[in-house]
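Input: a single structure, listed below in structure tokens.
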Amino acid sequence: MCTVLLAWRVWPGADLLVAANRDERLDRLAAPPAASRAGDVPIFCPRDLEAGGTWIGVNARGVVVALTNRFGTPADRTRRSRGELVLLALGAASADEAAGLLQALDPGDFNGFHCLVADREAAAVVRPDGPRMRRDALGAGQVHVVTERSFGAAPSRRVAWLEAQAARLAAGPEPSTGALAALLGTHAEAMEPGSHPIDGVCVHLDGLGYGTRSAEILRIATPRAASQWHHVAGTPCTVPPASLGQPMREALKW
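For the sequence shown, this note's numbering begins at 2 and goes up steadily by one.
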């Protein structure tokens with residue numbers, strides 16, 4: 002996953018609002034969001050069928066976890082799958098506990114990443130920083146942007162454009178699912194004419210066998226029964242979001 006927007010305690014009733022695209026090899030097999038478990042904790046998440054992990058999910062305690070790679074760090078295929086990080090964090094009772102579990106890991110075991118953890122009480126991004134895991138707390142009342150180029154990894158037109166959109170969103174009423182899907186479906190050319198396709202929120206690099214594969218929009222609410230999950234089974238520029246709110250709530254007993 003390469004683009005995540007998190008609105009943390011911005012609008013009444015919406016503890017968390019997450020909109021995220023997954024950019025990946027087009028031939029990498031994946032399963033759509035469904036009920037699962039992290040240890041004995043009920044969770045709801047999609048699955049990477051190649052390595053067995055996931056890139057985004059929520060657990061029965063209201064903890065949301067989302068993952069991006071980190072640009073510019075050498076890839077080593079002998080290291081553990083980063084999808085394990087999300088499953089580990091989803092087994093936690095709180096976002097604070099999830100961050101602590103991630104911070105206890107050896108950064109050398111994984112390729113570079115940003116792992117966002119959030120619930121109603123806390124929100125943070127955990128990432129490798131030299132020999133340690135660093136935890137960056139996120140502020141309430143804001144819409145945060147996390148991509149593979151965040152936290153100084155590399156300059157990005159996409160990040161700059163998204164941060165401007167995030168500020169606009171935070172200043173207005175809660176956006177609809179359709180509005181968030183439209184944002185996730187924005188191409189580089191619409192952001193800045195002449196931009197390379199990789200700079201888009203929605204990426205199409207078919208010739209390289211790479212691009213945006215799917216999108217997820219989560220609303221974790223108070224009361225929990227008002228929470229929603231919408232899944233985009235393809236590129237958000239062409240595929241409408243489908244509601245998975247009922248199976249999510251059933252899986253998590255909300």
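We put the CB at the ideal spot given by N, CA and C, even for glycine.
Exposed or buried, what is residue i when buried is set at 16 or more other beta-carbons lying within 10 Å of its beta-carbon?
i: S244; result: exposed
i: F45; result: buried
i: L170; result: buried
i: P176; result: buried
i: Q229; result: buried
i: P13; result: exposed
i: P174; result: exposed
i: A172; result: exposed
i: A105; result: exposed
i: A167; result: buried
i: R159; result: buried
i: A76; result: exposed
i: A154; result: buried
i: D207; result: exposed
i: A1; result: Given that the chain is displayed from residue 2 to residue 255, the structure contains no residue 1 and the question cannot be resolved.
i: A119; result: buried
i: G329; result: Any answer about residue 329 is impossible in this case: the structure gives the chain only from 2 up to 255.
i: G201; result: buried
Less than 8 Å between the beta carbons of residue i and residue j, yes or no?
i: P242; j: A182; result: yes
i: F72; j: E25; result: no
i: G142; j: V11; result: yes
i: A21; j: E217; result: yes
i: V147; j: T69; result: yes
i: V64; j: A99; result: yes
i: T213; j: R23; result: yes
i: P33; j: A252; result: no
i: V5; j: L117; result: yes
i: D16; j: A222; result: yes
i: L30; j: G210; result: no
i: P156; j: R133; result: no
i: H145; j: L7; result: yes
Spatial neighbours of residue i within its chain, please: C-beta separation below 6 Å, excluding the five flanking residues on both sides.
i: R62; result: A94
i: G111; result: For the record, residue 111 in the displayed sequence is Phe; it is not Gly. So the list reads R80, R81 and R83, once near-sequence residues are dropped.
i: A124; result: W9 and L139
i: A67; result: V5, A21, I57 and L117
i: R135; result: R128
i: R225; result: W255
i: C3; result: D24, T69, T148 and E149
Are any of the Cβ atoms in chain C nearer than 8 Å to that of residue i?
i: G246; result: Looking at the structure shown, chain C is missing, and only one protein chain is on hand.
Excluding the 5 residues flanking residue i on each side, which residues of the same chain have their C-beta closer than 8 Å to its C-beta?
i: P254; result: According to the sequence shown, residue 254 is Lys rather than Pro. Cβ neighbours of K254 beyond the five flanking positions: P43 and A61.
i: G246; result: S228, Q229, W230 and H231
i: A35; result: F45, C46, P47, R48, P248 and A252
i: E122; result: S95, A96 and D97
Using a Cβ-Cβ cut-off of 7 Å (strictly less than) and excluding sequence neighbours within five positions of residue i, which residues of its own chain qualify?
i: T178; result: I218, H231 and P242
i: T55; result: C46, P47, R48, D49, G84, V87 and L88
i: C203; result: N22, L185, G186, T187, H188, T213, T236, P237 and C238
i: H197; result: A189
i: G113; result: N70, R71, T74 and P129
i: R220; result: A15, L18, S228 and Q229
i: E51; result: R29 and L30
i: S151; result: H115 and V160
i: V240; result: V233 and A234
Is residue i near the ligand ATP - that is, is its Cβ less than 7 Å away from at least one heavy atom of it?
i: D107; result: Of the ligands one can find in the structure shown there are none, so the ligand ATP has no counterpart to examine.
Segments assigned alpha helix (DSSP H), at least 4 residues, entirely inside the stretch 58-108: Counting only runs of 4 or more residues that sit fully inside the stretch 58-108, the alpha helix (DSSP H) segments are 84-91 and 96-104, in chain order.
contact_flag[the stretch 91-104, the stretch 38-54] where n(CB pairs < 8 Å) is 3 or more: Contact between the stretch 91-104 and the stretch 38-54 is present: three or more C-beta pairs spanning the two stretches fall below 8 Å.
Complete runs of the beta strand (DSSP E) confined to the stretch 116-201 [at least 3 residues]: Entirely contained in the stretch 116-201, the beta strand (DSSP E) runs reaching 3 residues are, in chain order, 124-130, 133-138 and 143-148.
Any 3 or more C-beta pairs closer than 8 Å across the stretch 170-184 and the stretch 192-200: Taking 8 Å as the limit for Cβ pairs, the verdict is that the stretch 192-200 does not touch the stretch 170-184.
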